[in-house]
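**Q**
In the working numbering, the protein residues as written are 466 to 669.
(1) Measuring straight from C-alpha to C-alpha, what distance separates residue 512 and residue 636?
(2) In three-state DSSP terms, what is residue 498?
(3) Taking contact to mean 3 or more Cβ pairs, one atom from each stretch, closer than 8 Å, check whether the segment 548-563 and the segment 595-610 are in contact.
(4) How many angstroms separate the CA atom of residue 490 from the CA atom of residue 593?
(5) Could you check whether residue 626 and residue 667 sit closer than 9 Å to each other, using their CB atoms as the reference points?
(6) For residue 484, which residues does DSSP report across the bridge?
(7) So, residue 473 versus residue 530, is the Cβ gap smaller than 9 Å?
(8) Is the segment 484-498 touching the segment 520-528 in the sense that three or more CB pairs, one from each, lie closer than 8 Å?
(9) Tell me whether the beta-carbon of residue 544 lies closer than 9 Å to the beta-carbon of residue 567.
(10) From the DSSP secondary-structure annotation, give me the bridge partner or partners of residue 632.
(11) On the criterion of 16 or more Cβ atoms from any shown chain inside 10 Å, does residue 660 qualify as buried, or is it exposed?
(12) Between the C-alpha atoms of residue 508 and residue 665, what's the straight-line distance to the nearest angstrom?
(13) Can you give me the C-alpha to C-alpha distance between residue 591 and residue 628, rounded to a whole angstrom?
(14) What does the alpha-carbon distance come out to for the pair residue 573 and residue 480?
(15) So is residue 556 buried or exposed if we call it buried at 16+ other beta carbons inside 10 Å?
(16) Work out the CA separation of residue 588 and residue 639 for me, nearest whole Å.
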């Protein structure tokens, strides 16, 4: 596995630079760090005693990497998971917070492990993840990636405003789906035809 700093740098590269999409509930974002995260952490980069869009613009790539390492890898205890699961769960945690862990917990339940779905990586979740990785070492990352992809599709089913992240204007796979499939083996990625069939009911 690549070291965790390399993973964080790859995440920052996927997130890209400054965006202020009115459809994104995260609000102004730079290198994947939202204004809400910056306010929660008290990151007043401009020194004006307020965290505003100017602070988001001032965020550097290096600062984003450090935030992800501390607050999205170390604090949630991603490192306690089996190595094969750390890259996709870390990437998803940056994208969706504790829902990344809930996806893993629900997957573990589907695989027969009795754990709570609470979004926290505790002893139960670690034991279940380790057991799953031992029983299906070549498939657990794919299973997680597929569950993540399904999460995005279901989210877009319920929230039409989010469909723009799962489907391009031409109907092809959007950023969410492509991001999830980065961590899925080629043979399990949806064809464009399968994606179009999955999204055929979306009218907006």
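Quick reminder that beta carbons are idealized off the backbone N, C-alpha and C, glycines included.
**A** To lay it out plainly:
(1) Approximately 44 Å, taken between the alpha carbons.
(2) strand
(3) yes
(4) 32 Å
(5) no
(6) 494
(7) Note that the C-beta distance between residue 473 and residue 530 is below 9 Å.
(8) yes
(9) no
(10) 638
(11) buried
(12) 42 Å
(13) Counting only the Cα atoms, residue 628 lies some 33 Å from residue 591.
(14) Going from the Cα of residue 573 to the Cα of residue 480 covers about 28 Å.
(15) buried
(16) 35 Å
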